[in-house]
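Student:
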Amino acid sequence: MKPKNKVRSEGIFHLTASEAVRRFKNGKASITVVGLGRIGLPTAAMFANAGLRVVGADINPAVVVSINEGKCRFVDEPGLDKIVERTVKRGYLKATADVSKAVSETDMVVICVPTPVDHNKTPDYSAVIGASETIGKSLKSGQIVIMESTVGPGTVEEVIKPVLERESHLRAGIDFGLASCPERSDPGNIIPNMKTVPRVIGAVNEHCEEIVASLYENALGVKVFRASNPKTANAIKLTENLFRDVNIALANEFALLFEKLGIDAIEVINGCATKYNFMPHYPGAGVGGPCLPSNSYYLIVEGIKSGNIPYLIRMAREINDRMPDHVIELVSEALNEVGKTVRGSKVAVLGVAYKPDIKDVQLSPLERVCKNLKDLGSAVDIYDPMFAGEQVFGIAVKRSLAQAVKGADCIVIGTAHSEFKKLDLNGLSHLVSSPAAFVDARNVATPKEVMAAGFAYRGVGRRFLTPTAEATS
Ligand SMILES: NC(=O)c1ccc[n+]([C@@H]2O[C@H](COP(=O)([O-])OP(=O)(O)OC[C@H]3O[C@@H](n4cnc5c(N)ncnc54)[C@H](O)[C@@H]3O)[C@@H](O)[C@H]2O)c1
Numbered sequence: 026m027k028p029k030n031k032v033r034s035e036g037i038f039h040l041t042a043s044e045a046v047r048r049f050k051n052g053k054a055s056i057t058v059v060g061l062g063r064i065g066l067p068t069a070a071m072f073a074n075a076g077l078r079v080v081g082a083d084i085n086p087a088v089v090v091s092i093n094e095g096k097c098r099f100v101d102e103p104g105l106d107k108i109v110e111r112t113v114k115r116g117y118l119k120a121t122a123d124v125s126k127a128v129s130e131t132d133m134v135v136i137c138v139p140t141p142v143d144h145n146k147t148p149d150y151s152a153v154i155g156a157s158e159t160i161g162k163s164l165k166s167g168q169i170v171i172m173e174s175t176v177g178p179g180t181v182e183e184v185i186k187p188v189l190e191r192e193s194h195l196r197a198g199i200d201f202g203l204a205s206c207p208e209r210s211d212p213g214n215i216i217p218n219m220k221t222v223p224r225v226i227g228a229v230n231e232h233c234e235e236i237v238a239s240l241y242e243n244a245l246g247v248k249v250f251r252a253s254n255p256k257t258a259n260a261i262k263l264t265e266n267l268f269r270d271v272n273i274a275l276a277n278e279f280a281l282l283f284e285k286l287g288i289d290a291i292e293v294i295n296g297c298a299t300k301y302n303f304m305p306h307y308p309g310a311g312v313g314g315p316c317l318p319s320n321s322y323y324l325i326v327e328g329i330k331s332g333n334i335p336y337l338i339r340m341a342r343e344i345n346d347r348m349p350d351h352v353i354e355l356v357s358e359a360l361n362e363v364g365k366t367v368r369g370s371k372v373a374v375l376g377v378a379y380k381p382d383i384k385d386v387q388l389s390p391l392e393r394v395c396k397n398l399k400d401l402g403s404a405v406d407i408y409d410p411m412f413a414g415e416q417v418f419g420i421a422v423k424r425s426l427a428q429a430v431k432g433a434d435c436i437v438i439g440t441a442h443s444e445f446k447k448l449d450l451n452g453l454s455h456l457v458s459s460p461a462a463f464v465d466a467r468n469v470a471t472p473k474e475v476m477a478a479g480f481a482y483r484g485v486g487r488r489f490l491t492p493t494a495e496a497t498s
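Take any residue in the sequence shown, note its place counting from 1, add 25, and you have its number in our numbering.
1. Do we get a CB-CB distance below 8 Å when we pair I136 with the residues of chain E?
2. Flag this pair as yes or no: are the beta carbons of P499 and E327 separated by less than 8 Å?
3. In whole angstroms, give me the CA-to-CA distance for A274 and D101.
4. For the segment 275 to 289 against the segment 206 to 216, do three or more pairs of beta-carbon atoms, one drawn from each stretch, fall closer than 8 Å, so that the two count as touching?
5. Distance, Cα to Cα, R63 vs A87?
6. Does A45 pass the burial test, meaning 16 or more other C-beta atoms within 10 Å, or should it be called exposed?
7. Are there any heavy atoms of ligand 1 lying less than 7 Å away from the beta-carbon of S91, as far as the coordinates show?
8. Rounded to whole angstroms, how far is the Cβ of V237 from the Cβ of D270, which I believe are closer than 8 Å?
9. Tell me whether Y117 is buried or exposed, calling it buried when 16 or more other Cβ atoms sit within 10 Å of its Cβ.
10. Note down the Cα distance separating Y323 from G486, rounded to an integer number of angstroms.
11. If you follow the beta strand (DSSP E) that D406 is in, where does it begin and where does it stop?
12. Taking one C-beta from the segment 457 to 467 and one from the segment 395 to 402 each time, how about it: are there three or more such pairs within less than 8 Å?
13. Taking 7 Å as the cut-off, is the CB of T175 close to at least one heavy atom of ligand 1?
14. Identify every residue that forms a DSSP beta bridge with Q416.
15. Does the distance from the CB of L453 to the CB of V430 come in under 8 Å?
16. When the distance is taken between beta carbons, is V80 closer than 8 Å to E130?
17. Please classify C233 as buried or exposed, where buried requires at least 16 other C-beta atoms within 10 Å of its C-beta.
18. Using a threshold of 7 Å, is the CB atom of G439 nearer than that to any non-hydrogen atom of ligand 1?
19. Evaluate the contact criterion for the segment 188 to 204 versus the segment 46 to 61: three or more CB pairs, one atom per stretch, below 8 Å.
20. I think S356 touches V405, with their Cβ atoms under 8 Å apart; what is that distance to the nearest whole Å?
21. Rounded to the nearest angstrom, how far is the Cβ of F2 from that of S239, given a contact under 8 Å?
22. Can you say whether A496 is buried or exposed, counting buried as having 16 or more other CB atoms within 10 angstroms of its CB?
23. From the DSSP output, which residues share a beta bridge with S205?
24. Since V469 and R483 are thought to touch, with beta carbons under 8 Å apart, how far apart are those beta carbons, to the nearest angstrom?
25. Please work out which residues of its chain come closer than 7 Å, Cβ to Cβ, to Q387, disregarding the five sequence neighbours upstream and downstream, and give them in chain order.
26. Residues in its own chain within less than 7 Å of V188 by CB, not counting five upstream and five downstream?
27. Where do the ends of the alpha helix (DSSP H) carrying I273 lie?
28. DSSP puts L118 in a beta bridge; with which residues?
29. How far does the beta strand (DSSP E) with S331 in it extend, from its first residue to its last?
30. Got a sec? Which residues, its chain only, sit under 8 Å from T147 by beta carbon, not counting five neighbours each side?
31. According to DSSP, is G65 part of a helix, a strand, or is it coil?
32. Return yes when the Cβ of V394 is within less than 8 Å of the Cβ of G439, no when it is not.
33. Three-state secondary structure (DSSP) at G246?
34. Label G332 either buried or exposed according to how many other C-beta atoms from any shown protein chain fall within 10 Å of its C-beta, with 16 as the threshold for buried.
35. In this structure, how does DSSP classify Y323 when only helix, strand and coil are distinguished?
36. For the structure I just gave you, are there three or more beta carbon pairs, one from the segment 165 to 182 and one from the segment 95 to 111, closer than 8 Å?
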């Protein structure tokens with residue numbers, strides 16, 4: 026291949042690892058972060074906070090404007106707003122919609138664009154491919170491209186590398202560096218996680234791995250696990266998330282089984298957790314968010330291509346995806362117990378975010394709970410402290426818990442937000458349309474206290490007891 030673009034003799038990939046570290050330490054290194062969302066914005070802000078010159082590039086002009094005003098749109102990421110405000114004010118972080126220009130002016134490019142799955146559960150890599158085409162067109166010899174977006178094993182080598190090489194007429198590992206450093210942070214804790222959780226890096230060659238590892242070690246102060254190649258780094262990222270998804274599915278399976286056997290699954294899991302080698306996972310309304318519900322499919326697709334179908338991973342997805350229907354079953358049972366039906370009842374869903382204390386409903390299982398309840402003829406009210414007064418799933422979220430619960434025939438706990446862990450159950454019992462039902466899909470209250478407040482109780486994985494049986498148990 027003939028190099029087309031101008032050679033940058035000072036390109037960081039052409040430096041020795043110790044020269045690159047000097048560049049990181051003396052604040053002369055520069056980075057473009059492509060995609061300024063939940064992951065990209067804190068990544069850009071943390072690199073800027075470490076004294077690197079950072080350009081954040083995003084195709085959404087509104088995102089660019091707000092960041093250049095020093096504003097942060099993620100209200101649930103403690104500490105991020107201050108870092109964005111400070112780094113923008115001091116000139117270390119600026120945003121642009123011109124991805125090409127940003128790439129042409131910096132040493133390194135970090136890709137943080139979305140990688141969802143489509144309605145057929147097939148990974149949609151159009152954003153990473155589109156971003157790579159734009160990056161490739163401006164890429165110069167000596168630059169390094171780092172993939173932080175979550176992709177299937179082999180995607181960097183077989184999809185992204187060819188796109189970058191085709192567009193730049195340069196060779197990965199010779200003219201420019203290419204590495205994977207999948208993001209492992211937990212929404213709601215992204216800033217503390219970025220400072221402490223070790224990074225996994227897999228690069229096209231050892232020299233690139235050395236420079237990229239020293240970037241994360243020096244700028245973020247974290248340890249680095251060096252994987253053999255990008256493919257292995259991405260397999261590590263997926264395996265840790267799939268481990269969680271499969272374990273939650275197992276907890277959900279125990280819940281469904283033990284409910285029928287009259288055994289309390291939460292008690293069983295808590296009992297098991299007293300053993301040294303048991304890792305407790307708890308059942309619930311299902312699994313949501315941008316990672317767990319989709320990450321399995323990146324691996325399932327690769328498995329099928331290789332002729333090895335990952336049955337357990339696929340089955341775990343099915344079990345977790347079925348949990349919203351089980352919540353509806355519990356709502357129906359509990360309402361029947363007080364002589365009511367789903368049709369014609371008012372149901373107050375408390376919490377719709379996919380995770381406690383997070384303002385995010387991406388792939389939240391509560392969307393299906395709300396939709397199915399409406400389809401079955403319930404009037405659904407939502408209260409979620411993160412979305413008070415906003416529209417979610419086409420429903421206007423009430424401004425207070427009391428507004429949502431007033432006159433309700435059934436309360437459903439959909440998300441274990443902090444506010445719901447200290448519910449005044451007796452107070453709620455005076456607001457509902459008595460007799461009323463209470464379905465706890467997140468284990469925020471004990472069956473005993475809910476029933477003592479006069480509700481017909483059901484909980485995912487909880488032993489079903491009538492008020493009389495509970496009094497004598
Ligand atoms: N959110 C999480 O909890 C989390 C955790 C770990 C890993 N990840 C992974 O990180 C990646 C990014 O996810 P996110 O949650 O930050 O997404 P997000 O939707 O919050 O933000 C993505 C941003 O990228 C921008 N964008 C889209 N296409 C672009 C393009 N071609 N060029 C420039 N900008 C573009 C969008 O405008 C948006 O601002 C995904 O692969 C995701 O799976 C996410």
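Cβ coordinates follow ideal geometry from the N, Cα and C atoms, glycine included.
Predicted, not measured: the structure shown is a model, and the values here were computed from it.
Tutor: For this structure:
1. The displayed structure is made up of one protein chain only, and chain E is not part of it.
2. Any question about residue 499 goes unanswered here, given that the chain covers just 26 to 498.
3. For the purposes of this step, residue 274 is identified with residue 249 of the sequence shown, where counting begins at 1. For the purposes of this step, residue 101 is identified with residue 76 of the sequence shown, where counting begins at 1. So the alpha carbons of these two residues sit roughly 27 Å apart.
4. no
5. On the sequence shown, residue 63 is found 38 positions in, with the first residue counted as 1. On the sequence shown, residue 87 is found 62 positions in, with the first residue counted as 1. If you take the alpha carbons of R63 and A87, they lie about 15 Å apart.
6. Numbered from its first residue, the sequence shown carries residue 45 at position 20. It counts as buried.
7. Taking the first residue of the sequence shown as position 1, residue 91 is located at position 66. Incorrect: S91 has no Cβ contact closer than 7 Å to ligand 1.
8. Counting from 1 along the sequence shown, the entry for residue 237 is found at position 212. Counting from 1 along the sequence shown, the entry for residue 270 is found at position 245. Contact doesn't hold; Cβ gap of about 28 Å is too wide.
9. Taking the sequence shown and counting its residues from 1, one reaches residue 117 at position 92. The residue is buried, with at least 16 neighbouring Cβ atoms inside 10 Å.
10. As a position in the sequence shown, residue 323 is number 298, starting the count at 1. As a position in the sequence shown, residue 486 is number 461, starting the count at 1. So the alpha carbons of these two residues sit roughly 30 Å apart.
11. As a position in the sequence shown, residue 406 is number 381, starting the count at 1. Residues A404 to Y408.
12. no
13. Looking up residue 175 in the sequence shown gives position 150. Because some heavy atom of ligand 1 lies under 7 Å away, the Cβ of T175 counts as near it: yes.
14. Walking along the sequence shown from the start, residue 416 turns up at place 391. Note: Q416 sits in a beta bridge opposite A421.
15. Along the sequence shown, read from residue 1 onward, the residue named residue 453 stands at position 428. Along the sequence shown, read from residue 1 onward, the residue named residue 430 stands at position 405. Cβ atoms of L453 and V430: closer than 8 Å.
16. Residue 130 sits at position 105 when you count from the first residue of the sequence shown. Residue 80 sits at position 55 when you count from the first residue of the sequence shown. Contact: yes.
17. Translated into the one-based positions of the sequence shown, residue 233 becomes position 208. Counting Cβ neighbours within 10 Å, C233 comes out buried, since at least 16 surround it.
18. The count along the sequence shown starts at 1 and reaches residue 439 at position 414. Every heavy atom of ligand 1 is 7 Å or more from the Cβ of G439, so no.
19. no
20. Residue numbering aside, residue 356 sits at position 331 when the sequence shown is read from its first letter. Residue numbering aside, residue 405 sits at position 380 when the sequence shown is read from its first letter. One point to set straight first is that residue 356 is Val, not Ser, in the sequence displayed. V356 to V405, Cβ: 11 Å. No contact.
21. For residue 2 there is no data in the structure shown, the boundaries of the chain being 26 and 498.
22. Here residue 496 is taken as the residue at index 471 of the sequence shown, counted from 1. Its pLDDT being 46, under 50, A496 is placed unreliably by the model, and nothing is read from it.
23. Start at 1 with the first residue of the sequence shown, and residue 205 comes out as number 180. Per DSSP, M172 and G227.
24. Start at 1 with the first residue of the sequence shown, and residue 469 comes out as number 444. Start at 1 with the first residue of the sequence shown, and residue 483 comes out as number 458. Rounded, the Cβ-Cβ distance is 14 Å, inconsistent with contact.
25. Numbered from its first residue, the sequence shown carries residue 387 at position 362. Contacts found: G313, G314, P315 and Y379.
26. Indexing the sequence shown from 1 puts residue 188 at position 163. Cβ within range, chain order: I154, S157, E158 and G161.
27. Position 248 of the sequence shown, counted from the start, is the residue given in the question as residue 273. Segment P255 to L286, the alpha helix (DSSP H) holding I273.
28. In the sequence shown, residue 118 corresponds to position 93, counting from 1. Paired residues: V79.
29. The sequence position of residue 331 within the sequence shown is 306, counting from 1. Element bounds for S331: n/a, residue is neither H nor E.
30. Your numbering for residue 147 matches position 122 in the sequence shown. Counting only Cβ-Cβ distances below 8 Å, and skipping sequence neighbours, we find Y322 and V326.
31. One-based indexing of the sequence shown puts residue 65 at position 40. Correct three-state label for G65: helix.
32. The residue labelled residue 439 in the question sits at position 414 within the sequence shown. The residue labelled residue 394 in the question sits at position 369 within the sequence shown. Yes; because the gap between Cβ atoms is below 8 Å, this pair is in contact.
33. Position 221 of the sequence shown, counted from the first residue, corresponds to residue 246. The answer is coil: DSSP assigns G246 none of H, G, I, E or B.
34. Here the question's residue 332 lines up with position 307 in the sequence shown. Label assigned to G332: exposed.
35. Numbered from its first residue, the sequence shown carries residue 323 at position 298. Note: Y323 maps to helix in three-state DSSP.
36. no
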